[in-house]
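Peer 1: For reference, the structure I am asking about is given below.
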Amino acid sequence: MTGWVAVGGLGPGRNDLVTPEVQAALGEATDIVGYIPYVRRVANRPGLTKHESDNRLELDRAAHALQMAAEGARVVVVSSGDPGVFAMASALFEALEAGPRDWLDLDIRILPGITAMLAAAARLGAPLGHDFAAINLSDNLKPWSLIETRLRAAGEAGFAMAFYNPRSRSRPHQFARALEILREACGGETLISFARAVSTQEESITTVPLNEATQEMADMRTMVIVGNRDTRRIGRFVYTPRSAP
Ligand code: SAH
Numbered sequence: 000m001t002g003w004v005a006v007g008g009l010g011p012g013r014n015d016l017v018t019p020e021v022q023a024a025l026g027e028a029t030d031i032v033g034y035i036p037y038v039r040r041v042a043n044r045p046g047l048t049k050h051e052s053d054n055r056l057e058l059d060r061a062a063h064a065l066q067m068a069a070e071g072a073r074v075v076v077v078s079s080g081d082p083g084v085f086a087m088a089s090a091l092f093e094a095l096e097a098g099p100r101d102w103l104d105l106d107i108r109i110l111p112g113i114t115a116m117l118a119a120a121a122r123l124g125a126p127l128g129h130d131f132a133a134i135n136l137s138d139n140l141k142p143w144s145l146i147e148t149r150l151r152a153a154g155e156a157g158f159a160m161a162f163y164n165p166r167s168r169s170r171p172h173q174f175a176r177a178l179e180i181l182r183e184a185c186g187g188e189t190l191i192s193f194a195r196a197v198s199t200q201e202e203s204i205t206t207v208p209l210n211e212a213t214q215e216m217a218d219m220r221t222m223v224i225v226g227n228r229d230t231r232r233i234g235r236f237v238y239t240p241r242s243a244p
C-alpha cells in the first residue's frame with residue numbers, strides 16, 4: 000500500500016462549499032487528522048479512523064500525519080476554509096523541515112478550499128474588488144507591535160483589509176486598539192463589515208462606518224472586512240470599485 004498526505008480545506012461551513020477534489024480525497028482516506036470541530040465535519044464510514052486534536056497542537060498533528068503516511072496510510076489533514084491561509088499547510092511543511100529526510104519523498108498534496116475571507120466578501124457584495132491585504136490579528140505567533148505596524152501601513156497605503164482571528168477571550172481588548180489605528184489610518188467614514196459564521200445557520204452580517212464600530216461586534220467566528228476610502232453601499236450590497244481615482 001502506498002501512503003499519501005493531502006491537506007484539504009473544508010470551506011467556511013456549508014457542505015456544498017467543499018470542493019469535489021477535497022470530497023474525493025476524504026472518500027479515499029484511511030485517516031483524518033485535525034482540530035476537533037473540523038474532523039467532526041467529516042462523515043464516519045467503515046475503514047476511516049479520525050484523529051481529533053486540540054487547536055494549538057498543529058506541529059504534532061502534522062508530524063503524526065506524515066508518520067502515518069510513511070507507514071502506508073492515506074491521510075487527509077483537514078483545515079477550515081483554505082489550508083494555506085493561517086492553517087495546516089504551513090504547519091505540515093514546518094514538520095517536514097524538522098522531520099527525517101525520507102519524508103521529502105512522500106506523496107504530499109495541498110488541496111485548496113474556499114477561505115472565510117472570500118465567502119464573507121461574496122455575502123457582502125464585492126468589498127475586495129480592488130487591492131487588499133489579509134491580516135491575522137492573533138498574536139499567538141507574532142508580536143502585537145508587528146500587527147499594529149502592518150495595520151497602519153495597509154490602511155495608509157489604501158488597501159482594503161480582511162482580518163482573520165479578530166478577537167478572542169484571551170485578548171479581548173486588542174481589537175479596540177486595532178479599531179483606533181484603523182480610524183486614524185483610513186478615516187472614520189470608511190466602511191467596516193462583520194461577517195459572523197458565514198455559510199452556517201448562525202450567519203450574521205453587519206456593516207457600519209469605522210466611527211460606529213465597537214469591539215463587541217467581532218468574536219473568533221467573525222471575519223472582519225474593512226473597505227478602502229472608495230468602498231460604498233449600493234442597496235443592500237457593499238462594494239469596492241475596480242479602479243483607484
Ligand atoms: N484556514 C481558515 C482560517 C483559519 S483562522 C480559512 O481559510 O478560512 C480562523 C478564523 O477564520 C476565524 O477566527 C474567523 O476570523 C475566520 N473564519 C473561519 N470560518 C469562518 C466563517 N464561517 N465565517 C466567518 N469567519 C470565519
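The sequence shown begins at 0 in numbering that gives the first Met the number 0 and counts up by one.
By construction, the Cβ of each residue, glycine as well, lies at the ideal position given by its N, Cα and C atoms.
Alpha carbon to alpha carbon, how far is residue 104 from residue 225? Give it in angstroms, no decimals.
Peer 2: About 42 angstroms.
Peer 1: Can you tell me the Cβ-Cβ gap for residue 127 and residue 239, rounded? I've got them flagged as a contact below 8 angstroms.
Peer 2: About 7 angstroms; that satisfies the 8 angstroms criterion.
Peer 1: Would you be able to state if there are at least three C-beta pairs under 8 angstroms between the segment 19-35 and the segment 116-134?
Peer 2: Segments in contact, no.
Peer 1: In the DSSP assignment, what residue or residues form a beta bridge with residue 50?
Peer 2: Answer by DSSP bridge pairing, in chain order: 32.
Peer 1: Are there 16 or more other CB atoms within 10 angstroms of the CB of residue 219, so buried, or fewer, so exposed?
Peer 2: By the neighbour-count rule (16 or more Cβ atoms within 10 Å), residue 219 is not buried but exposed.
Peer 1: Report the residue from 96, 1, 236 whose alpha carbon sits nearest the alpha carbon of residue 247.
Peer 2: One cannot answer for residue 247 here, as it falls past the ends of the chain, which runs 0 to 244.
Peer 1: Determine, using beta-carbon pairs with one atom in the segment 92-111 and one in the segment 36-50, whether at least three such pairs fall under 8 angstroms.
Peer 2: Judged by Cβ distances under 8 angstroms, the segment 92-111 makes no contact with the segment 36-50, as fewer than three pairs qualify.
Peer 1: Return yes when at least one heavy atom of ligand 1 lies under 7 angstroms from the C-beta of residue 11, else no.
Peer 2: Answer for residue 11: yes, Cβ within range of ligand 1.
Peer 1: Going by alpha carbons, who is nearest to residue 23 out of 60, 75, 153?
Peer 2: Ranking the options by Cα distance to residue 23, first place goes to 75.
Peer 1: Measure the beta-carbon distance from residue 197 to residue 83 and round it to whole angstroms, keeping in mind my assumption that it falls under 8 angstroms.
Peer 2: Actually they are not in contact, since the Cβ atoms of residue 197 and residue 83 sit about 19 angstroms apart, beyond 8 angstroms.
Peer 1: Do the CB positions of residue 251 and residue 2 come within less than 8 angstroms of each other?
Peer 2: In this structure the chain extends from 0 to 244, so residue 251 is not present and cannot be described.
Peer 1: Are the CB atoms of residue 33 and residue 55 nearer to each other than 8 angstroms?
Peer 2: Contact: no.
Peer 1: Could you check what DSSP says for residue 227 in three-state terms: helix, strand or coil?
Peer 2: Residue 227 falls in the coil class under three-state DSSP.
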